[in-house]
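Enquirer:
Residue numbers (the numbering used here): 702 to 938.
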């Protein structure tokens, strides 16, 4: 079991090129529309459409450009590389020098946002940057004496799967002895939750009384009440 990544410190964010194109075009278009309406109420120019036509074209070009460019545009985040993190069989190493065992941890969290180049903002209808820099992922580690929280970069899809594999192996290893088993099970990435390996691990926690039966069966998952009753009869004794 081994996972390594670079830590990043996020300093701020700026409007992406796509956002700049879109909002510039939108504002110019709105300006043109308002002038046309005002000119109807308070006529100033007889040929205002001819005067505003170039502005309309500029707005249209900007809006079309934002629609096309969004699929190639990355989010704009000001950041700097801020160290290194490693998970291995023995424990966690921060910045190559700070070591501690898994048994020292009283809380652990992983926030997986996206890897570098992954498509993001899929729910937005208007043009917006569609590619991630991969640095908004975070890890929280808490011991009795210290708290560490930092962002880290996922380089690609393979790197993301390596992290997910490491999390699953770490949960199964039962080395995180000072963390609530229910919280640990919830750390398991979604793609493992239909596997027999995951289900067997959850049932093991139920049998060993580390989690209660009802919560355990919900985490295990079942398709019918009959299946739930059979699981309860077999493992909740």
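Where is the CB? At the ideal position from N, CA and C, for every residue including glycine.
Could you tell me which residues DSSP puts in a beta bridge with residue 785?
Expert: 707
Enquirer: Whose CA, out of 826, 822 and 717, lies closest to the CA of residue 814?
Expert: Considering only 826, 822 and 717, the residue with the shortest C-alpha distance to residue 814 is 822.
Enquirer: Could you give the DSSP three-state label for residue 892: helix, strand or coil?
Expert: helix
Enquirer: Tell me whether residue 804 sits in a helix, a strand or coil according to DSSP, three-state version.
Expert: helix
Enquirer: I think residue 867 touches residue 702, with their Cβ atoms under 8 Å apart; what is that distance to the nearest whole Å?
Expert: 6 Å
Enquirer: Please return the same chain residues whose Cβ sits closer than 8 Å to the Cβ of residue 882, not counting the five positions on each side in sequence.
Expert: 906, 911 and 912
Enquirer: Would you decide whether residue 719 is buried or exposed? Buried here means 16 or more other CB atoms lie within 10 Å of its CB.
Expert: buried
Enquirer: On a CA-only basis, which of 724, 706 and 902 is nearest residue 830? Give me that one, please.
Expert: Taking only the C-alpha atoms, the option nearest residue 830 is 724.
Enquirer: Below 7 Å between beta carbons: does that hold for residue 889 and residue 872?
Expert: Taking a C-beta distance under 7 Å as the contact criterion, residue 889 and residue 872 qualify as a contact pair.
Enquirer: Measure the C-alpha to C-alpha separation of residue 791 and residue 704 and round it to an integer number of angstroms.
Expert: 12 Å
Enquirer: Take residue 874 as the anchor and find which of 903, 859, 858 and 891 has the nearest alpha-carbon.
Expert: 903
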